[in-house]
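Colleague: Got a structure for you, questions after.
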Amino acid sequence: MIIDRMQAEKKALEYINSITYFDGAYELVASKIREESDGWYFPYQSAEFLRTGDFNKSLVGNWPIFVSRDGQCVGPRRPGMPFVNP
1 MIIDRMQAEK KALEYINSIT YFDGAYELVA SKIREESDGW YFPYQSAEFL
51 RTGDFNKSLV GNWPIFVSRD GQCVGPRRPG MPFVNP
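The opening residue of the sequence shown carries number 1 in UniProt numbering; numbering runs sequentially from there.
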């Protein structure tokens, strides 16, 4: 089954909420979401950094969350690299 971008975004949000201690700590950066032939890349950042611009609150070194078109692969992936399911 092929999923659409809205379903993929929901999966990406579920993933980032699963890697934090509380919901809403991280947010997707909507203006940087990227669609590729095999799925979508959803960059994310700390909610506090996005609100304040305080670099001390920013995430560094995090790869975007990749969601494959079939929805089976969800996790960090750098564009152009093979996916390894965490």
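C-beta atoms are modelled at their ideal positions from N, C-alpha and C, and glycine is treated no differently.
Being a predicted model, the structure only gives us computed values, none of them experimental.
Are the beta-carbon atoms of residue 66 and residue 41 separated by less than 7 Å?
Modeller: As a first step, residue 66 must be located in the sequence shown, where it is residue number 66. As a first step, residue 41 must be located in the sequence shown, where it is residue number 41. Yes, they are a contact pair.
Colleague: Provide the residue(s) that pair with residue 55 in DSSP beta bridges, ordered along the chain.
Modeller: The residue you call residue 55 lines up with position 55 of the sequence shown. BP columns for residue 55 are empty, so no partner.
Colleague: Give the DSSP-derived three-state secondary structure of residue 42 in the structure shown.
Modeller: Position 42 of the sequence shown, counted from the start, is the residue given in the question as residue 42. Residue 42: strand per DSSP, three-state reduction.
Colleague: I'd like to know whether the C-beta atoms of residue 53 and residue 3 end up nearer to each other than 7 Å.
Modeller: Position 53 of the sequence shown, counting from 1, holds the residue named residue 53. Position 3 of the sequence shown, counting from 1, holds the residue named residue 3. Against a cut-off of 7 Å, the Cβ pair of residue 3 and residue 53 comes out as no contact.
Colleague: Out of curiosity, what's the CA-to-CA distance linking residue 19 and residue 50?
Modeller: Taking the sequence shown and counting its residues from 1, one reaches residue 19 at position 19. Taking the sequence shown and counting its residues from 1, one reaches residue 50 at position 50. The straight-line gap from Cα to Cα measures roughly 18 Å.
Colleague: Within 10 angstroms of the Cβ of residue 10, are there 16 or more other Cβ atoms? Answer buried if so, exposed if not.
Modeller: Counted from its first residue, the sequence shown places residue 10 at position 10. When all chains shown are included, residue 10 counts as exposed.
Colleague: Only counting the same chain, and skipping five residues up and downstream in sequence, which positions put a Cβ closer than 6 Å to that of residue 55?
Modeller: Taking the first residue of the sequence shown as position 1, residue 55 is located at position 55. Around residue 55: no qualifying Cβ.
Colleague: Among 59, 24, 5 and 15, which has the Cα closest to the Cα of residue 33?
Modeller: As a first step, residue 33 must be located in the sequence shown, where it is residue number 33. Of 59, 24, 5 and 15, the residue nearest in Cα terms is 5.
Colleague: Pick helix, strand or coil for residue 78, following the three-state DSSP scheme.
Modeller: As a first step, residue 78 is located in the sequence shown; it is residue number 78 there, counting from the start. Residue state, collapsed to three classes: coil.
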